[in-house]
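To keep things clear, I will list the structure first and then write my remarks on it.
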Amino acid sequence: MTQDVIARYFEAFNAGDNEGMLACLTPDVEHHVNEGQIRVGKVKFGEFLAHMDHCYSENLTDMVFFANTDGTRGAAEFIVNGTYKATDEGLPEAHGQTYRLPAGSFFSFKGGQISRVVTYYNLADWVRQVS
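Be aware that the sequence shown starts at 1, since it is given in UniProt numbering, and climbs by one per residue.
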């Protein structure tokens with residue numbers, strides 16, 4: 001079941017279905033972003049998604065899902081294929097650059113929903129690709 005929820009979460013991501021992603025989360029989800037502050041709750045997560053949609057267009061490929069035996073934790077490894085559409089604060093200027101970046105996400109579960117999302121990627125590699 002854990003891997004099914006992760007798969008639904010990423011299927012929604014690739015479909016641009018933010019509501020579908022939010023439906024996979026607990027109301028008090030903790031979102032640990034790469035190089036950023038922890039955001040708590042679906043509202044903050046939704047704001048993050050809207051910001052990402054404004055600045056980036058991304059599609060994930062080569063996805064592999066993992067889960068522990070009791071269904072409380074899971075992970076995914078994937079490739080982010082993206083276009084940098086609008087300049088994000090503190091980052092290089094955007095002018096439609098494309099990038100391909102390995103990444104991974106880790107999840108905790110509560111009541112069959114995602115209660116924690118942690119995402120990692122190599123920011124220096126991304127900056128190199130878009131600079």
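Ideal Cβ placement from N, Cα and C applies to all residues, glycine included.
| query | result |
| --- | --- |
| Rounded separation between T61 and R100 - CA only | 10 Å |
| Touching by the beta-carbon criterion (3+ pairs, under 8 Å), the stretch 35-49 and the stretch 76-88 | no |
| Beta bridge counterpart(s) of A15 as assigned by DSSP | Note: A15 sits in no beta bridge, so no partner. |
| Spatially closest choice to N18 from L25, L49, M1, by CA coordinates | L49 |
| Completely contained alpha helix (DSSP H) runs for the UniProt domain "SnoaL-like" (7-116), where each covers 4 or more residues | 18-23, 42-55 |
| Nearest candidate by alpha-carbon position, reference D28, set G20, N34, I38 | I38 |
| Rounded straight-line distance, which links the Cα of D70 to that of N34 | 27 Å |
| Closest by C-alpha distance to A103, when choosing among M63, Q113, A94 | M63 |
| Top-ranked residue by Cα proximity to A67, from F107, V127, G16, G96 | F107 |
| Alpha-carbon spacing of Y113 relative to M52, whole angstroms | According to the sequence as given, residue 113 is Gln; it is not Tyr. Distance between the alpha carbons of Q113 and M52 is about 22 Å. |
| Reference T119, options G90, Q129, H32, closest by Cα | H32 |
| Bridge-paired residues (DSSP) for V118 | H32, F106 |
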